[in-house]
Amino acid sequence: DAGVIQSPRHEVTEMGQEVTLRCKPISGHNSLFWYRQTMMRGLELLIYFNNNVPIDDSGMPEDRFSAKMPNASFSTLKIQPSEPRDSAVYFCASSFSGTGNTGELFFGEGSRLTVL
Amino acid sequence: GDSVTQMEGPVTLSEEAFLTINCTYTATGYPSLFWYVQYPGEGLQLLLKATKADDKGSNKGFEATYRKETTSFHLEKGSVQVSDSAVYFCALSDSGGYQKVTFGTGTKLQVIP
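Protein chains in written order, with my numbering: chain A, -5 to 110; chain B, 4 to 116.
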C-alpha cells in the first residue's frame, strides 16, 4: 500500500502569494494531522482531523492559514497571503484511531516551503 | 495537557558507544509511548513503541521501557553506528477517542567514525 503522499515536495514563492499544500493519507486511516517543522520551533501540530472533521486547530498560527479535508483521501493546507516566516517543512501524517489502536502516525516526506 | 520532555541535543558519540536519550512525559490516563526517527531530508518514521506499563519496545538494536512509576521512556542502544545519525523524537498518544499525538522537541544524534 502506498504511504502518505504529499505535494509539492518543494515550493518557492514570493511573499504575498497563495500557497496550497496537498496530502493524500493512507487508505483506511481516519485521522489526519498537519505539522510544521522549523529549526527554531521544532515540530508543531497545526491541525488534526478525525473522519474528515477538524478536531483541534489551535495550532494554526493565524487566519492566513486554513485547512480542509473534503473527503477521506485528500486534505489541503492553504496559506494566503504567504510571508517569509512561513518558510518551513510541512508534514502530513495519518493514522487509524479507534479501540485497540495505539495511534501510530505515518508521515509523508514533507513539503519544503520557501517564501522569499 | 499532555507533554513530553526529552534531553537537549545535539548528542555526539563515537561509533560503538552506548546511547541513552532521556524522555519523560506528563499525561492523564494510560498513553501509548513512541520513539520516532527522522533521517536527513525525510519524514518521521516509527522506531519503536510501547502501549502499557513495563512493556519494552525494541527495533534495530534500540530499546525503551515504559516506566509508569517514573513517567519515563528512555531510548537506549548498546552500540551506535554512523548510520544511526538522525533526530529522535519521543511521543505519546493519549488514550482518548481521537488519540492525539504529542511530540517532544527532538534530540539530534551524530555518530562519528
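In this text, a Cβ means the ideal position worked out from N, Cα and C, and glycines have one as well.
Measuring C-alpha to C-alpha distances from TYR84(A) to each of ASN45(A), LEU71(A), SER91(A) identifies LEU71(A) as the nearest.
Annotated three-state conformation of SER105(A) is strand, per DSSP. Rounded to whole angstroms, the Cβ separation of GLN102(B) and GLU18(B) is 37 Å, and the two are not in contact under 8 Å.
Residues of the segment 62 to 91 of chain A with a C-beta atom less than 8 Å from some C-beta of chain B are PHE85, ALA87, SER89, SER91, listed in chain order. By the Cβ criterion, the segment 36 to 52 of chain A is in contact with the segment 11 to 26 of chain A, since at least three pairs of Cβ atoms, one from each stretch, lie closer than 8 Å. In terms of Cα proximity to SER76(A), the closest of SER69(A), PRO64(A), LEU99(A), GLU8(A) is GLU8(A). Judged by beta-carbon spacing, LYS55(B) lies within the 8 Å limit of TYR69(B), meaning their Cβ atoms are closer than that value. Under the 10 Å beta carbon count, SER105(A) is surrounded by 16 or more other beta carbons and is classified as buried.
For THR14(A), the enclosing beta strand (DSSP E) stretches over residues 13 to 18. For LYS72(A), the uninterrupted beta strand (DSSP E) segment begins and ends at 68 to 73. Residue contact check for ASP50(A) against chain B: a CB pair falls below 8 Å. Annotation for ARG30(A): the continuous beta strand (DSSP E) segment containing it runs 25 to 32. Between GLY46(B) and GLU103(A), the CB-CB gap stays under 8 Å. Within chain A, the residues placing a beta-carbon under 7 Å from that of THR54(B) are THR96, ordered along the chain. Counting the other CB atoms within 10 Å of its CB gives ILE115(B) a total below 16, which places it among the exposed residues.
Taken through DSSP and simplified to helix, strand or coil, ARG35(A) comes out as coil. Listed in chain order, the non-local C-beta contacts of GLN74(A) below 7 Å within the same chain comprise GLU12, ARG58, local neighbours out to five positions each way being set aside. Rounded to the nearest angstrom, the gap between the Cα atoms of ALA82(A) and GLU66(B) is 31 Å. The shortest CA-to-CA distance from GLY64(B) to any of LEU78(B), MET10(B), THR74(B) is the one to LEU78(B). According to the DSSP assignment, TYR69(B) belongs to no beta strand (DSSP E), since it is labelled neither H nor E.
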